[in-house]
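Student:
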Amino acid sequence: MKPVRIVGVGSAGCQVIRKLSGLSLPGVSLLACHTDFGELTDFPSVLLLGDEGQGSGMSSQRAKWWARGRKDLFAAWLNGAELVIFIAGMGGGTGSGATPVLAGIGRELGILSIACVTMPFASEGSSVTEFAADGLRHLRKHCDTVIAFSLDKLAEQLSENLTIPEFYAKADELLLNTARLFPDLLGGPLPLADMRPLLTDGGMAFVAHTTADGSRRLEACLEQLHAGCNYHYALPAGASRLLTVVASETPLRLLEHQLLVQELERLTGRRSDAFRFVPAPIRQADNGLTMSFLAVGMPIA
Ligand SMILES: Nc1nc2c(ncn2[C@@H]2O[C@H](COP(=O)(O)OP(=O)(O)OP(=O)(O)O)[C@@H](O)[C@H]2O)c(=O)[nH]1
Ligand SMILES: [Mg+2]
Numbered sequence: 109m110k111p112v113r114i115v116g117v118g119s120a121g122c123q124v125i126r127k128l129s130g131l132s133l134p135g136v137s138l139l140a141c142h143t144d145f146g147e148l149t150d151f152p153s154v155l156l157l158g159d160e161g162q163g164s165g166m167s168s169q170r171a172k173w174w175a176r177g178r179k180d181l182f183a184a185w186l187n188g189a190e191l192v193i194f195i196a197g198m199g200g201g202t203g204s205g206a207t208p209v210l211a212g213i214g215r216e217l218g219i220l221s222i223a224c225v226t227m228p229f230a231s232e233g234s235s236v237t238e239f240a241a242d243g244l245r246h247l248r249k250h251c252d253t254v255i256a257f258s259l260d261k262l263a264e265q266l267s268e269n270l271t272i273p274e275f276y277a278k279a280d281e282l283l284l285n286t287a288r289l290f291p292d293l294l295g296g297p298l299p300l301a302d303m304r305p306l307l308t309d310g311g312m313a314f315v316a317h318t319t320a321d322g323s324r325r326l327e328a329c330l331e332q333l334h335a336g337c338n339y340h341y342a343l344p345a346g347a348s349r350l351l352t353v354v355a356s357e358t359p360l361r362l363l364e365h366q367l368l369v370q371e372l373e374r375l376t377g378r379r380s381d382a383f384r385f386v387p388a389p390i391r392q393a394d395n396g397l398t399m400s401f402l403a404v405g406m407p408i409a
């Protein structure tokens, strides 16, 4: 039985599942979950929420209700899992309403759970923002660890010339890369047993993916850490546990390591014994330095 399950909920979540299904991930089962039957084609496993198949009509209440109606089916699919990762765009009816309900089903079964979500643009309007905030509040109750990115902040980092589909492809990539930080089964650096103490009851988490090369590569990565796009958080200040995943063709120099530890101590307000640095496999052969930061146990904003 595959120990890791990834569930995409709603259009955005299913989009990420589609991308993950193109990767070879033994040990991982994927599920696309939606209220809209038309968006559930060409997936290996799907779960339709409700019987109509016409979408939620932007109603998170309806999506919640329908997700509760699938409790037995979803629990059966989760059987034997050790970790479940939920992916969704908060703001629509399905993602905002159903994801917390599905996460609650996982929690009742005692499965370690993580949610990686995006929070909508302010320009999507106040009802979308409220759905999203409500969904996030509920996710915090039902998941061990929740990571939320702000689309407004992501847009600030990217070129203004991107088209909307190009922008959403970047948002999907951010969610996908974040999900892949987790167990080694997904290409992450640590086995599940080592992720467990980090993520259990982790609350809100901060994640930043950075990459740079050249003689000031470490400083450049740290600058990118400051320009992260986490909802609520500009920095990993106050985190109780921190994992830094380092991939580099040329290993970190001693001076770089010292600078990194100093800066992380300053940013988080923690001593270095709250940190763990792990090397990651290099996916691209270049001289660059790639560092991902996962800070768990962030103070509630
Ligand atoms: N990552 C990502 N986010 C998207 C995409 N399209 C829209 N979003 C964002 O995700 C939020 C939720 O949109 P959807 O995923 O379509 O919503 P849903 O969960 O399908 O809910 P309903 O369509 O209302 O049933 C939106 O408010 C946008 O902020 C996408 O292609 N990728
Ligand atoms: Mg949708």
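If you count the sequence shown from 1, you need to add 108 to reach this note's numbering.
Think of the CB as a built atom: it goes at the ideal place given N, C-alpha and C, for glycine as much as any other residue.
Count the other C-beta atoms from every protein chain shown that fall within 10 angstroms of the C-beta of Ala142, then say buried if there are 16 or more, exposed otherwise.
Tutor: Counting from 1 along the sequence shown, the entry for residue 142 is found at position 34. One detail in the question is off: residue 142 reads as His in this sequence, not Ala. Buried: at least 16 other Cβ atoms inside 10 Å.
Student: Less than 8 angstroms between the beta carbons of Phe194 and Ala171, yes or no?
Tutor: What you label residue 194 is simply residue 86 of the sequence shown in a count that begins at 1. What you label residue 171 is simply residue 63 of the sequence shown in a count that begins at 1. Not in contact: Phe194 and Ala171 (Cβ atoms no closer than 8 angstroms).
Student: With 16 other CB atoms within 10 Å as the buried threshold, where does Ile408 fall?
Tutor: Here residue 408 corresponds to residue number 300 of the sequence shown, with the count starting at 1. Ile408 comes out exposed.
Student: What number of angstroms, rounded off, separates the C-alpha of Ser204 from the C-alpha of Pro134?
Tutor: Translated into the one-based positions of the sequence shown, residue 204 becomes position 96. Translated into the one-based positions of the sequence shown, residue 134 becomes position 26. The alpha-carbon atoms of Ser204 and Pro134 are separated by roughly 29 angstroms.
Student: Gly233: beta carbon under 7 angstroms from a heavy atom of ligand 2?
Tutor: Counting from 1 along the sequence shown, the entry for residue 233 is found at position 125. The answer is no for Gly233.
Student: Would you kindly report the start and end of the unbroken beta strand (DSSP E) that includes Pro387?
Tutor: For the purposes of this step, residue 387 is identified with residue 279 of the sequence shown, where counting begins at 1. Note, Pro387: beta strand (DSSP E), Phe383 to Pro387.
Student: Taking a cut-off of 5 angstroms, which residues have a beta-carbon closer than that to any heavy atom of ligand 2, in chain order?
Tutor: In chain order, the residues positioned with their C-beta nearer than 5 angstroms to some heavy atom of ligand 2 are Ser119 and Gly200.
Student: Can you name the residues that DSSP bridges to Cys141?
Tutor: The sequence position of residue 141 within the sequence shown is 33, counting from 1. Per DSSP, Val117 and Leu155.
Student: Give the DSSP-derived three-state secondary structure of Thr74 in the structure shown.
Tutor: Residue 74 lies beyond the range of the chain shown here (109 to 409); nothing can be said about it.
Student: Quick one: grab the DSSP three-state call for Ala393.
Tutor: Residue mapping note: residue 393 aligns to position 285 of the sequence shown, counting from 1. Low confidence applies here, because Ala393 scores a pLDDT of 45, under 50, leaving its location unreliable; read the following figure in that light. DSSP places Ala393 in coil when its eight states are reduced to three.
Student: Give the single residue among Pro387, Glu264 and Gln370 whose Cα lies nearest to the Cα of Asp410.
Tutor: Residue 410 cannot be examined here, being either before or after the span of the chain that is shown, 109 to 409.
Student: Starting from the Cα of Leu191, find the closest Cα among Leu372, Ala347, Glu357 and Arg288 and give me that residue.
Tutor: The residue you call residue 191 lines up with position 83 of the sequence shown. With distances taken between Cα atoms, Leu191 lies closest to Arg288.
Student: If you compare alpha carbons, which of Lys261, Ala277, Ser167 and Pro111 is closest to Val124?
Tutor: The count along the sequence shown starts at 1 and reaches residue 124 at position 16. Minimum Cα distance to Val124 is reached at Ala277.
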